[in-house]
Structures are given as C-alpha cells and as structure tokens.
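>
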Amino acid sequence: MISAVYALIAIGFTMIFGVGGVLNLAHGALIMIGAYSFLVVTSGSTLGILSLPTGIGLIVAIAVAAAASYVLYIGLVEHIEENPVITFLATLVVALILSELFVMGFSSSPRTLINLVPGSIHVEQFGVRVTNIEVVGFVVSWIAIGLLWYYVTRTDEGRSILATSMSERGAQLTGVDLPKIKARTWLIAGAFAGLAGVFIGTLQSTSPIMWLDPLALAFIIVVIGGIGSIKGSIVAAYLIGYLETLTVELLGAGFRGTFSLLVLVIVLLVMPQGLFGREWVHE
Amino acid sequence: MSSDTGRLGGPLNSIADGYNDRFGQVFGELNGLQFALIIGSLLVLLLVPVWAPLLGMSGLLRTLALASIWAILAMGWDIQSGYTGYISFGHAVLSGGAAYTTALLIGNVNPDLSLAVTLPLSVLAALTIGLVIAVPSLRLKGPYFSLVTFVAGLIFYQLTYAFSDYTGGELGVRVGRIDFTVGGFEITTFDPVMRYYVMLVPMLLIAVTLLYVARSNVGMIFVAIRENETAVSAAGIDTTKFKIWSFVLSSIPMGIGGWLLAHFYGTVNPLNFLLVDRSIELIAMAVVGGMSSILGPIGGAFLVIVLREEVLRIFGATGRWVMLWTLILLVLVFARDGLFRKLWHYLGRLGSRDGGEN
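Protein chains in written order, with this note's numbering: chain A, 7 to 289; chain B, 91 to 448.
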C-alpha cells in the first residue's frame with residue numbers, strides 16, 4: 007500500500023529531472039515540509055489557535071510544500087541549474103539547512119501526526135489487518151497520479167511539460183515557454199511531495215531526519231524505473247515497496263534499504279538505462 | 091598598495107625563483123606572493139603550539155588538529171572527484187569504513203593491537219570499500235554516479251545500526267588514543283601538542299604526495315577525463331583503469347584520515363563518521379576552497395572547521411549548523427570556483443604585475 011506513496015515521491019523527483027535535468031536533493035526536505043505543515047495546522051500544540059480539521063491540513067501541507075518547491079526553484083535553482091554538480095550540492099545543502107531549522111523549531115525527537123482516518127479494516131479472507139490511513143494513502147495517491155497523467159497527456163499545458171522532457175530544444179521551437187514550464191513542474195513536484203509527506207509522516211515518522219529515507223528510496227526507484235519515466239517510477243515503486251516490506255518482515259527494520267541497493271546495483275550492471283528508460287535525446 | 095607589494099615582491103620573487111628552478115617542474119611554478127602565502131601558512135601551522143597559548147586560544151589546538159584530519163579527507167575526495175569530475179557523494183563511507191575497521195579490531199579482537207596492525211588494515215578496508223563502490227558505479231556518468239555513491243553512503247549508515255551488536259549502534263565503539271614510541275621517545279595523543287603534530291604531519295606529507303600525483307601524467311589524465319572522456323579513450327587510454335586508479339589514490343588518504351579521526355575522537359560512532367552530513371561537509375570543504383587544486387581543499391577544511399568549532403558557536407548547537415550551511419550555500423552560488431582559488435589567482439595577478447610594471 008505504501009508503494010503508491012513512494013510512487014508519488016519518485017514521480018515528483020523524476021519529473022524535475024526529466025524537464026530540467028536537475029536532481030533535486032531537496033525533494034526529501036519538501037516531504038518534510040509537508041509533514042510539518044500538517045503538524046502545525048492540525049495538532050494545535052504548536053500554535054494554540056490552529057487545530058483545523060485534518061482534511062484542510064492535508065490541503066495546507068500540499069500548498070505549503072508546492073510553494074516551497076516553487077520558491078526553491080525561482081530563488082535558487084534557476085540561477086545555478088546549468089552546473090549539475092553545484093545544483094546537486096546546493097539542493098542537498100538546502101535540505102540540511104531545513105533539517106537543522108526543523109530541529110530548532112520542533113526539537114529533534116519524532117512527532118506524531120494526527121491520523122487522517124483512524125481505524126482499520128480486517129480482511130477476513132487473507133487474515134490481514136489494513137489500517138484506514140493506508141487505504142486512503144493508496145487511493146489518494148492513485149487519484150493524484152491519475153490526474154497528473156490526464157494533465158500531461160490530455161491538456162496542452164501538460165503536454166508541453168512532456169515535450170520539454172523529451173527534447174528541450176524541440177519544445178522551445180514549438181513555442182513552449184521554458185522557464186514557465188520548469189517552474190510549473192517544480193510546483194507539481196512540490197505538491198506531490200507535500201501529499202506524500204503527510205502519509206509518510208503518519209505511517210513512518212515525522213522527525214527532522216525523515217527527509218533522508220524517502221529521498222534515498224526516490225533515487226533507487228527512479229534509477230531502477232529509468233530516469234525521466236513516470237511509468238517506470240510506478241512499476242519500480244511497487245517493486246521496491248514490496249521488497250522493502252518483505253525485508254523488514256523477514257530480517258528486521260535495520261536492513262530496510264540494503265536489498266533495494268542490491269537490486270539497484272544489479273539493475274545498473276545489467277541495464278543501466280533502467281526498466282523503462284529511454285535513450286537520452288541529445289540537445 | 092601596489093608600491094607596497096612591489097617592494098615586497100622583489101625579494102620574494104627571487105626566493106620563489108630559486109624554488110621554481112628546483113621544484114617548479116614537479117609542483118608547478120609560483121610567484122613571490124604565492125610562495126609567501128604557502129610558506130607563511132606553513133609556518134603558522136607548524137608554530138600553533140607557540141602562538142595559540144600566547145593569544146589565549148589554547149582550544150584552537152584541538153580545532154586545528156581536527157581541521158588537519160578533515161584536510162586529509164578533503165584532499166582525498168579532491169584527487170578522485172575534483173580531478174576526474176566523477177563527483178562522489180559517499181566518500182565518508184571510505185573514511186568511516188576505515189574508522190570502523192579500527193574500532194572493530196580494537197573492540198572485538200584485542201584492545202592492545204598496535205597501530206602497525208590497525209592502520210594498514212584500516213587503509214585496506216577503505217580501499218576495498220572504495221573499489222566495491224567504484225567498480226559498478228563508474229559505469230555511470232555525471233549525476234547518476236553521484237546518486238549511487240550517495241545511496242551507498244546512506245546504506246552504510248543504516249548498516250551500522252543493523253549490526254549494532256558489533257558497532258555499538260548510535261553509541262559507537264571506543265578505540266582509545268594513539269600511543270607509540272619512536273626511538274625511545276613516547277608519542278601519545280593524550281597530550282594536545284603531540285596530538286596536533288600527529289595529525290598535522292601526515293596531512294602535510296599527504297598534501298605533498300597528492301600534489302605530486304596531481305601534477306604528474308596521472309593527474310593530467312584525470313583532468314582530461316573530466317574535460318572530455320571520449321577524447322581520452324580515443325587517444326588509446328583506458329579511462330576505466332584510470333578512474334579506478336583515482337579511487338585507489340583517494341581511498342588511501344581517506345583510510346589514513348579515517349583512522350586518525352577515530353583516534354582523535356576516541357570513539358567511532360555513526361554521527362561523527364558516517365552521517366550524510368559528513369560526506370557533504372567533505373565536499374563543501376573542497377568546493378569552498380576550490381576543487382581540483384589539492385591546496386584549495388586544505389584551506390577549505392581549515393576554514394570550515396574553524397568556523398564550525400570556534401566562530402559559529404555563538405549561534406548555539408543547532409544554530410551554528412544552520413549558519414555554516416547557509417554560508418556554504420552562498421559560496422556555492424556566488425563563488426563556485428572556491429574562495430582560495432580566487433585568492434590564489436588574485437595573488438598571481440598582483441605578483442606578475444609587480445614584476446612587469448614596478
């Protein structure tokens with residue numbers, strides 16, 4: 007079930023890479039921003055007056071993360087994106103700054119988010135218990151992915167994003183406003199990260215180091231699925247999601263990422279372009 | 091100002107020329123001012139135990155010892171990532187691996203193992219880990235390579251918790267201090283002055299060695315790989331071999347640095363050795379100083395460590411990190427060639443103008 011949320015994260019990450027050629031290492035930090043915004047507006051413990059219903063909290067989380075992502079692009083990445091190494095490093099440094107700021111603001115101990123939909127369903131046939139939040143996370147993630155799919159394949163605005171990711175020059179020649187498209191992509195990716203943040207924050211943990219694991223997962227998923235491919239991200243997210251659940255189940259939580267890395271290495275050796283990767287379209 | 095430096099530049103230039111005649115071929119030519127900078131900083135570093143107490147900053151000895159170790163690590167990163175352009179984001183794994191090897195040997199095998207055993211084995215461990223990471227990941231280029239090394243760093247970090255029976259999890263393993271005798275004279279890192287030199291001397295030796303390598307044909311091939319890998323392989327040079335060599339060259343200082351750092355703290359834990367922040371700090375030092383220059387990363391390391399340990403303490407335990415990263419971000423955006431490279435070139439222009447005009 008969590009795989010759908012992973013797919014959300016990976017899609018945001020891969021879209022930014024596909025369109026701008028930028029690896030956004032602050033993507034994990036956007037997830038964190040989403041989770042903490044949800045915490046601030048719903049819990050009532052941080053700001054006494056604010057204890058809004060969780061549904062509004064979810065929307066606030068999405069909006070704040072999307073805005074943060076947009077500001078990050080306009081304020082920083084746009085000026086340095088021609089140098090991939092500096093961008094890589096700078097976004098990572100931004101993530102570290104944010105992480106330390108959250109330590110200052112909320113202390114380093116993990117916080118608990120108010121459950122969006124408490125309770126669980128018992129599935130008699132399989133003898134498993136599924137919590138409602140997992141079901142909701144699954145459904146909401148798929149709705150978001152569906153909307154995105156509709157947007158990039160059926161509307162002109164969305165198709166210009168797709169076109170840019172295929173060939174920047176080609177898109178420019180057909181009259182696509184490149185900076186606008188890139189900023190819009192960051193906005194969408196930020197919104198996805200905010201949404202994912204609420205679910206990750208509820209299901210796993212909300213702490214100033216929560217940005218790391220999702221980020222590592224996003225990498226692994228994106229590389230396995232083929233960088234820039236949305237379809238690949240979804241398939242790989244499920245692959246890694248199941249693998250991770252199995253590993254944690256059989257070996258313990260300490261090995262959570264180890265096997266994903268093994269799969270990553272194998273994929274890199276056997277097919278460096280990933281499952282659904284396409285050849286780089288030359289600029 | 092120009093007349094001032096002109097008067098100063100004359101004799102300095104003649105000393106520098108003497109140096110250029112002997113070593114210029116090997117380490118690159120300098121002008122008078124650049125030469126003065128190098129010798130000046132060398133003297134300042136060698137004489138820290140003399141001047142630091144006079145200024146009432148005895149704590150500086152600890153900071154600078156730490157900075158020396160980080161300088162080793164930053165140089166180790168530089169010879170691989172800075173020169174070949176294959177930017178590794180998981181280099182703390184190499185030094186961390188070496189540190190943990192020492193820790194495991196001392197903690198689980200025999201607490202009295204001498205450094206003649208732990209040091210070579212630790213360097214070997216760094217080398218092995220380096221090759222394990224390098225061989226599959228060097229098939230990738232640019233950001234993809236960085237991604238994989240980054241993930242490798244994360245996984246290694248997690249594994250120290252997974253095997254906490256041996257590694258002590260978050261608390262780490264105690265390794266104690268360095269204690270050995272040279273010609274009947276006991277050297278121990280319990281003494282702050284000796285500890286400083288135990289960290290500084292290897293740093294200077296490694297700096298000289300790496301400078302030599304970087305200026306040799308091997309270094310030139312590394313740079314050529316960074317600039318245009320296709321052209322290098324078209325010239326009949328096996329680029330994979332050289333990329334792996336760069337990793338080997340980098341692993342050795344990383345191993346030594348990791349070993350020193352283990353004994354500096356006296357405890358090996360994930361926080362001081364393997365946290366992602368450490369890898370990034372390493373890169374930040376090299377970039378702040380100036381990538382692919384060997385000397386730049388040394389300057390960067392001293393700058394970052396002095397800021398972190400001394401200057402930024404006024405912002406509090408967490409605040410100093412925020413400030414440090416913010417400053418690094420500013421350097422990245424506005425002076426991405428590195429502060430010390432800027433200074434170097436400024437001195438270079440100043441020095442050459444003296445020779446010509448005055």
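The beta carbon of each residue, even a glycine, is placed where N, CA and C say it ideally should be.
Please report the distance separating the alpha-carbon of K475(B) from that of F332(B).
This structure cannot settle anything about residue 475(B), because the visible part of chain B is limited to 91 through 448.
> Under the assumption that I227(A) contacts S239(A) (Cβ atoms under 8 angstroms), give the Cβ distance between them as a whole number of angstroms.
The residue you call residue 227(A) lines up with position 221 of the first sequence. The residue you call residue 239(A) lines up with position 233 of the first sequence. I227(A) to S239(A), Cβ: 6 angstroms. Contact.
> Start and end of the alpha helix (DSSP H) containing H353(B)?
On the second sequence, residue 353(B) is found 263 positions in, with the first residue counted as 1. Note, H353(B): alpha helix (DSSP H), 329-355.
> Apply the 10 Å Cβ neighbour rule to A206(B) and answer buried if 16 or more other Cβ atoms are within range, or exposed otherwise.
The residue labelled residue 206(B) in the question sits at position 116 within the second sequence. By the neighbour-count rule (16 or more Cβ atoms within 10 Å), A206(B) is not buried but exposed.
> Work out the CA separation of T97(A) and L433(B) for me, nearest whole Å.
Taking the second sequence and counting its residues from 1, one reaches residue 433(B) at position 343. Taking the first sequence and counting its residues from 1, one reaches residue 97(A) at position 91. Cα to Cα, the separation comes out at about 26 angstroms.
> Kindly identify the DSSP beta-bridge partner or partners of R152(B).
Looking up residue 152(B) in the second sequence gives position 62. DSSP output for R152(B) lists no bridge partner at all.
> With 7 angstroms as the threshold, decide whether the Cβ of V99(A) is near any Cβ in chain B.
Numbered from 1 along the first sequence, position 93 holds the residue referred to as residue 99(A). Yes, V99(A) lies at the interface with chain B (some Cβ there is under 7 angstroms from its Cβ).
> If you run the structure through DSSP and keep just helix, strand and coil, what is I127(A)?
Position 121 of the first sequence, counting from 1, holds the residue named residue 127(A). In the structure shown, I127(A) sits in a strand (DSSP, three-state: E or B).
> Taking the C-alpha atoms as reference points, what is the distance between L301(B) and A150(A)?
Residue numbering aside, residue 301(B) sits at position 211 when the second sequence is read from its first letter. Residue numbering aside, residue 150(A) sits at position 144 when the first sequence is read from its first letter. About 54 angstroms.
> To the nearest angstrom, report how far apart D107(B) and A224(A) are at their CA atoms.
Your numbering for residue 107(B) matches position 17 in the second sequence. Your numbering for residue 224(A) matches position 218 in the first sequence. Approximately 55 angstroms, taken between the alpha carbons.
> Using a Cβ-Cβ cut-off of 6 angstroms (strictly less than) and excluding sequence neighbours within five positions of A157(B), which residues of its own chain qualify?
Taking the first residue of the second sequence as 1, we reach residue 157(B) at position 67. Cβ within range, chain order: A391, F392, I395.
> Going by the beta-carbon positions, is the gap between G386(B) and G356(B) smaller than 7 angstroms?
As a position in the second sequence, residue 386(B) is number 296, starting the count at 1. As a position in the second sequence, residue 356(B) is number 266, starting the count at 1. Against a cut-off of 7 angstroms, the Cβ pair of G356(B) and G386(B) comes out as no contact.
> Taking S113(A) as the reference, give the member of L256(A), S213(A), E87(A) with the closest Cα.
If you number the first sequence from 1, residue 113(A) lands on position 107. With distances taken between Cα atoms, S113(A) lies closest to S213(A).
> Would you say I92(A) faces chain B, with C-beta separation under 7 angstroms as the test?
Position 86 of the first sequence, counting from 1, holds the residue named residue 92(A). With 7 angstroms as the cut-off, I92(A) counts as an interface residue toward chain B.
> Using the Cα positions of A74(A) and I272(A), report the straight-line distance between them to the nearest angstrom.
As a first step, residue 74(A) is located in the first sequence; it is residue number 68 there, counting from the start. As a first step, residue 272(A) is located in the first sequence; it is residue number 266 there, counting from the start. Rounded to whole angstroms, A74(A) to I272(A) spans 35 angstroms at the Cα level.
> Are S236(B) and I177(B) close, meaning C-beta to C-beta below 7 angstroms?
Within the second sequence, the letter at position 146 stands for residue 236(B). Within the second sequence, the letter at position 87 stands for residue 177(B). Cβ distance < 7 angstroms, so S236(B) and I177(B) count as in contact.
> Suppose only complete runs of 4+ residues qualify. What are the alpha helix (DSSP H) ranges in the region 83-163 of chain A, listed by chain order?
Correct list: 90-112, 138-160.
> For the pair the region 333-341 of chain B and the region 198-212 of chain B, tell me if three or more CB-CB distances fall below 8 angstroms.
Too few Cβ pairs lie closer than 8 angstroms, so no.
> On the premise that L364(B) lies in contact with V183(B), defined as a C-beta separation below 8 angstroms, what is that separation, rounded to the nearest angstrom?
On the second sequence, residue 183(B) is found 93 positions in, with the first residue counted as 1. On the second sequence, residue 364(B) is found 274 positions in, with the first residue counted as 1. That pair is a contact at about 7 angstroms.
> Would you kindly report the start and end of the unbroken alpha helix (DSSP H) that includes G231(A)?
Start at 1 with the first residue of the first sequence, and residue 231(A) comes out as number 225. Where G231(A) is concerned, the enclosing alpha helix (DSSP H) stretches over 218-231.
> When we look at the beta-carbon of E106(A) and count the other beta-carbons within 10 Å, is it buried (16 or more) or exposed?
As a first step, residue 106(A) must be located in the first sequence, where it is residue number 100. Buried is the call here.
> What are the start and end residues of the alpha helix (DSSP H) that includes F312(B)?
Residue numbering aside, residue 312(B) sits at position 222 when the second sequence is read from its first letter. Here the alpha helix (DSSP H) through F312(B) covers 307-317.
> Just reading off the alpha helix (DSSP H) that V28(A) is part of, what are its end residues?
Here residue 28(A) corresponds to residue number 22 of the first sequence, with the count starting at 1. No alpha helix (DSSP H) holds V28(A); DSSP gives it neither H nor E.
> Can you tell me the Cα-Cα spacing of T192(B) and L135(B), whole angstroms?
Locating residue 192(B) in the second sequence gives position 102, counting from the first residue. Locating residue 135(B) in the second sequence gives position 45, counting from the first residue. Computed Cα separation, rounded: 28 angstroms.
> Cα-Cα, which of S212(B), G149(B), T153(B) is closest to G348(B)?
Position 258 of the second sequence, counting from 1, holds the residue named residue 348(B). Ranking the options by Cα distance to G348(B), first place goes to S212(B).
> How about M38(A) and A195(A): are their beta carbons less than 7 angstroms apart?
The residue labelled residue 38(A) in the question sits at position 32 within the first sequence. The residue labelled residue 195(A) in the question sits at position 189 within the first sequence. Against a cut-off of 7 angstroms, the Cβ pair of A195(A) and M38(A) comes out as no contact.
> Drop a sphere of 10 angstroms on the beta-carbon of N89(A), count the other beta-carbons inside from all chains shown, and report buried for 16 or more, exposed for fewer.
On the first sequence, position 83 is the one that residue 89(A) refers to. Result: exposed.
> Please list, in chain order, the residues of the region 356-369 of chain B that have any C-beta partner in chain A closer than 7 angstroms.
The residues in question are V366, D367.
> How many Å lie between M451(B) and L194(B) at the Cα?
Because chain B spans 91 through 448 in this model, residue 451(B) falls outside it and cannot be assessed.
> Within 10 angstroms of the Cβ of M277(A), are there 16 or more other Cβ atoms? Answer buried if so, exposed if not.
Indexing the first sequence from 1 puts residue 277(A) at position 271. Its Cβ having fewer than 16 others within 10 Å, M277(A) is exposed.
> Counting only the same chain and skipping the five closest in sequence on each side, list residues whose C-beta sits under 7 angstroms from that of G164(A).
Against the first sequence, residue 164(A) aligns to sequence position 158. Closer than 7 angstroms at Cβ, skipping near neighbours: Y157, V158.
> Less than 7 angstroms between C-beta atoms, sequence neighbours within five positions excluded: which residues of the same chain meet that for T330(B)?
Counting from one through the second sequence, the residue named residue 330(B) turns up at place 240. So the list reads L228, once near-sequence residues are dropped.
> Name the chain A residues that come within less than 9 angstroms of V423(B), Cβ to Cβ?
Position 333 of the second sequence, counting from 1, holds the residue named residue 423(B). Neighbours of V423(B) on chain A, chain order: L82, H85, I86, I92, A96.
> Give a yes or no on whether the minimum CB-CB distance between E106(A) and chain B is below 7 angstroms.
Residue numbering aside, residue 106(A) sits at position 100 when the first sequence is read from its first letter. Chain B contact via Cβ: present.
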